[in-house]
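To start, the structure itself, in structure tokens.
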Amino acid sequence: MRILMVPLDPVHDVALKMLRRELLKNGHEVVLLPPDMKVEEVVEICRLEKPSVIMVSRTVGYGAAEVLGRFIDLLDAAGLRKGCKVIVGGKAITKELAAELGYDAGFGEGTEWEEVIAYVEGRPVKRRICENERKKRDITEGYSYRLLDEAFFKPLEDIAAQIIEWASGKCSPGVERAKVRERMLSGTDALKDYIDLCEEPVKSFYTRGEIPKKVRLVGTEEVSKFKRFIDGLTVPVGSSLASMSKPLVFVQYGTGCPFMDGMHIKVCEAWGADGFLHFDPSWGARVEGLLEGVLSHEEDGTIVTLENLKLIKSLLGESTLWSVRAHRGLNTPETVLLAAYVGADLTKINMVYGSLNGGTDPERLLVDGVYAIRLAARFNLPFDIPTNEELGGVPAYKAFAGMLVVAYLGLKLGARPILKPLFCYSPDVMISGYMEDNYVDYNVAKIWALREIIDAPIWAGEPIGFMTHTEERVQSALTTALHAGLAKSLNLDAITIASTDEAYSRGAITSSSRIDTLRALKEAFRFLGEVKFEPTCRAKSFKEAIKEGILKTLEEIARRGDFLSSLYEGLLGTREEGANPGRVGRGSVSRCLV
Amino acid sequence: MVDRLMDALDIETTVFAKSEEEAKKIGIDLLGSLGFKDADIVFVEHEGFVARVRLRAYIYRPGDKYSWLLKDEVE
Numbered sequence: 007m008r009i010l011m012v013p014l015d016p017v018h019d020v021a022l023k024m025l026r027r028e029l030l031k032n033g034h035e036v037v038l039l040p041p042d043m044k045v046e047e048v049v050e051i052c053r054l055e056k057p058s059v060i061m062v063s064r065t066v067g068y069g070a071a072e073v074l075g076r077f078i079d080l081l082d083a084a085g086l087r088k089g090c091k092v093i094v095g096g097k098a099i100t101k102e103l104a105a106e107l108g109y110d111a112g113f114g115e116g117t118e119w120e121e122v123i124a125y126v127e128g129r130p131v132k133r134r135i136c137e138n139e140r141k142k143r144d145i146t147e148g149y150s151y152r153l154l155d156e157a158f159f160k161p162l163e164d165i166a167a168q169i170i171e172w173a174s175g176k177c178s179p180g181v182e183r184a185k186v187r188e189r190m191l192s193g194t195d196a197l198k199d200y201i202d203l204c205e206e207p208v209k210s211f212y213t214r215g216e217i218p219k220k221v222r223l224v225g226t227e228e229v230s231k232f233k234r235f236i237d238g239l240t241v242p243v244g245s246s247l248a249s250m251s252k253p254l255v256f257v258q259y260g261t262g263c264p265f266m267d268g269m270h271i272k273v274c275e276a277w278g279a280d281g282f283l284h285f286d287p288s289w290g291a292r293v294e295g296l297l298e299g300v301l302s303h304e305e306d307g308t309i310v311t312l313e314n315l316k317l318i319k320s321l322l323g324e325s326t327l328w329s330v331r332a333h334r335g336l337n338t339p340e341t342v343l344l345a346a347y348v349g350a351d352l353t354k355i356n357m358v359y360g361s362l363n364g365g366t367d368p369e370r371l372l373v374d375g376v377y378a379i380r381l382a383a384r385f386n387l388p389f390d391i392p393t394n395e396e397l398g399g400v401p402a403y404k405a406f407a408g409m410l411v412v413a414y415l416g417l418k419l420g421a422r423p424i425l426k427p428l429f430c431y432s433p434d435v436m437i438s439g440y441m442e443d444n445y446v447d448y449n450v451a452k453i454w455a456l457r458e459i460i461d462a463p464i465w466a467g468e469p470i471g472f473m474t475h476t477e478e479r480v481q482s483a484l485t486t487a488l489h490a491g492l493a494k495s496l497n498l499d500a501i502t503i504a505s506t507d508e509a510y511s512r513g514a515i516t517s518s519s520r521i522d523t524l525r526a527l528k529e530a531f532r533f534l535g536e537v538k539f540e541p542t543c544r545a546k547s548f549k550e551a552i553k554e555g556i557l558k559t560l561e562e563i564a565r566r567g568d569f570l571s572s573l574y575e576g577l578l579g580t581r582e583e584g585a586n587p588g589r590v591g592r593g594s595v596s597r598c599l600v
Numbered sequence: 130m131v132d133r134l135m136d137a138l139d140i141e142t143t144v145f146a147k148s149e150e151e152a153k154k155i156g157i158d159l160l161g162s163l164g165f166k167d168a169d170i171v172f173v174e175h176e177g178f179v180a181r182v183r184l185r186a187y188i189y190r191p192g193d194k195y196s197w198l199l200k201d202e203v204e
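Heads up: the protein sequence lines correspond to chains P and X, in order. The opening residue of the first sequence carries number 7 in the working numbering; numbering runs sequentially from there. The opening residue of the second sequence carries number 130 in the working numbering; numbering runs sequentially from there.
Structure representation (structure tokens):
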């Protein structure tokens, strides 16, 4: 096909040049005129060239419509419209404008070359198989979990062995409930046994039908309508923001309502999120027992019930990863079990953070955590280990010592741990002045330190850039995007991002705020590509100090010979540092009957 | 129209105001005048004579009955 390209513009012709490249590849004959020609001259060339297609491009500017309109009129007057397609393209061109001016077609911003070529060739658009076709990915794949620094071997080995021995034969209502729940999931009617292990208000929910305050039981008809509503939507799964390279981008949901969560999930999938974290309400972790049914409530975090989890699972795209966190409360083992049962890809367990900042008694959470890790191993469910105690003021090296203990314990129990150091502006960092002139060095140092210790996956924890966000949309999106860029630069496996209203605490997070951040990340990833951040020389000295601190902490705990006492006594964070051993569930550990 | 909104409506604008407090009041009044009852200021940044504000009107809070889902019943 003979095509004449006409940049009816004083300067711009880049789009036509790129399109010419594509048309030539498809075997067309293309003549590209220079910009800034008079329309009369162009019409004369059209008369001589006799093209089958005339492609006009024009960027925005005063008088653009007049120029384009006059061109068409002159073509008409010269009798050149017959048997010739005349199309117009440009940033501000719409189909409506093109039609109004008398063009056969118009192509505006966001047009793919294939759309134009298909139109020129008079055929349907070929939907190309996306280069970034999304497949569910295993974050732990390719890691040997080998300790790379031998100095860490002995203390970690000693501590893990000590924990396993200590936990042997110990039990708790949480562990017992997980066992009963397992029987229930296999079809046994054991609800009475289950209720016996619960406390108010869970007990009264089952026995007297009392719904906890601010909680609403969603009716089955409402659930059916929701499913039909979702089925009726055309929900695309956008290309991964990271274009199949690292990091995977996770969004933490937990609006309080599984329907709202579901819609936010679908929106975020469309904008390129790779995975989601189920975030439970804090009160759910402080009461023995889980509720049942599709439940919504009016506060932060979505209630963990088998039915809520099933509903959310049914909404997820095939390639979407899903983590159900179980890291800190009295229902840790049972939550891991439910996560595995409903088909979650990941879970989260950390007895150190969970008992020093999460309100749960260390002894109780240690028993529950060991059992939960065993369940994760049995169900082949990788688990991540957050170090949120940093947000309370615990120095990174102590938080990391705890994380490495749990990770190593996980390996000894046959599980696949994921390290989750925070990428944040923590209190310790603020007090110590580590990031007064940049947010890069100390975060880089953390990753370098961990990478020198163990070959394990690293997922920058929830959410990246925490404590740098404000209620201002642009700042929040930008800061998150910069942290995401840093994570990409460090080749981290995954990140969890904040929405732009993460810091706004008077209401629920909105879908538009989630989109804001996803768009910002996309731009950051595009902007940086494979470019790496260049930390200053401070990063290296920070890294050495972090490593030294981790080792010293581990050796101290190993010498103490009692991991539980180490938690109570502040070896993994003192009360002054913000690590307060929790009290929920204290005294509930017992000997196992079997 | 409102039943097509997923969760909330954010309006971002710049208002003439002598103080942050005045800007907040203008924002809430504006949303009130538009008929929104569940209104809040997400963000305000005041400089001298003018303030950039992000206003939010929650159409639905989590756990509500959403008219995009239950149109007939809610009406």
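Backbone N, C-alpha and C fix where the C-beta goes; we use that ideal spot for every residue, glycine too.
Spatial neighbours of residue i in its chain, beta-carbon cut-off 7 angstroms, leaving aside the 5 residues before and after
{"i": "G567/P", "result": "Q168"}
{"i": "F145/X", "result": "F178, V179"}
{"i": "V435/P", "result": "M441, Y448"}
Beta-bridge partners of residue i, as assigned by DSSP
{"i": "L327/P", "result": "G281/P"}
{"i": "Q481/P", "result": "Q481/P pairs with nothing; no bridge assigned."}
{"i": "A466/P", "result": "I501/P"}
{"i": "Q258/P", "result": "L283/P"}
{"i": "Y187/X", "result": "A137/X"}
{"i": "K3/P", "result": "Since the displayed chain P opens at 7 and closes at 600, residue 3/P lies outside it and no answer follows."}
Own chain, CB closer than 8 angstroms to residue i, minus 5 neighbours either side, in chain order
{"i": "F159/P", "result": "L153"}
{"i": "L197/P", "result": "M190, Y212"}
{"i": "R26/P", "result": "M11, V36, L38"}
{"i": "A21/P", "result": "S63, G95, G96"}
{"i": "I135/P", "result": "Any answer about I135/P is weak, because its pLDDT of 49 lies below 50 and its placement is not dependable; what the coordinates show is given next. Same-chain partners within the cutoff: there are none."}
Within-9 angstroms CB hit, residue i to chain P
{"i": "L160/X", "result": "no"}
{"i": "M135/X", "result": "yes"}
{"i": "V131/X", "result": "no"}
{"i": "G192/X", "result": "yes"}
{"i": "V171/X", "result": "yes"}
{"i": "E150/X", "result": "no"}
{"i": "E174/X", "result": "yes"}
{"i": "L163/X", "result": "no"}
{"i": "L184/X", "result": "no"}
Status (buried if at least 16 other CB within 10 Å, exposed otherwise) for residue i
{"i": "A84/P", "result": "exposed"}
{"i": "Y359/P", "result": "buried"}
{"i": "R370/P", "result": "buried"}
{"i": "Y68/P", "result": "exposed"}
{"i": "G193/P", "result": "exposed"}
{"i": "V49/P", "result": "buried"}
{"i": "I60/P", "result": "buried"}
{"i": "N314/P", "result": "buried"}
{"i": "N356/P", "result": "buried"}
{"i": "I165/P", "result": "buried"}
Under the three-state DSSP convention, the category residue i falls into
{"i": "P287/P", "result": "coil"}
{"i": "F385/P", "result": "coil"}
{"i": "S63/P", "result": "strand"}
{"i": "I135/P", "result": "With a pLDDT of 49 at I135/P, under the threshold of 50, the modelled position of that residue is not reliable, and the figure given next carries that caveat. I135/P: coil per DSSP, three-state reduction."}
{"i": "P179/P", "result": "helix"}
{"i": "V310/P", "result": "coil"}
{"i": "I459/P", "result": "helix"}
{"i": "L415/P", "result": "helix"}
{"i": "T474/P", "result": "coil"}
{"i": "V20/P", "result": "helix"}
{"i": "K141/P", "result": "coil"}
Beta-carbon contacts of residue i that lie in its chain and below 6 angstroms, excluding the five residues immediately before and after
{"i": "D286/P", "result": "G307, V310"}
{"i": "V257/P", "result": "C274, A279, F282"}
{"i": "L336/P", "result": "G180, E294, G591"}
{"i": "W454/P", "result": "K549"}
{"i": "A405/P", "result": "T393, E395, E396"}
{"i": "H34/P", "result": "M7, I9"}
Cutoff 9 angstroms: residue i Cβ touching any chain X Cβ
{"i": "S518/P", "result": "yes"}
{"i": "A1/P", "result": "Nothing can be reported for residue 1/P: it is not among the residues displayed for chain P, which extend from 7 to 600."}
{"i": "H284/P", "result": "no"}
{"i": "R76/P", "result": "no"}
{"i": "R8/P", "result": "no"}
{"i": "M409/P", "result": "no"}
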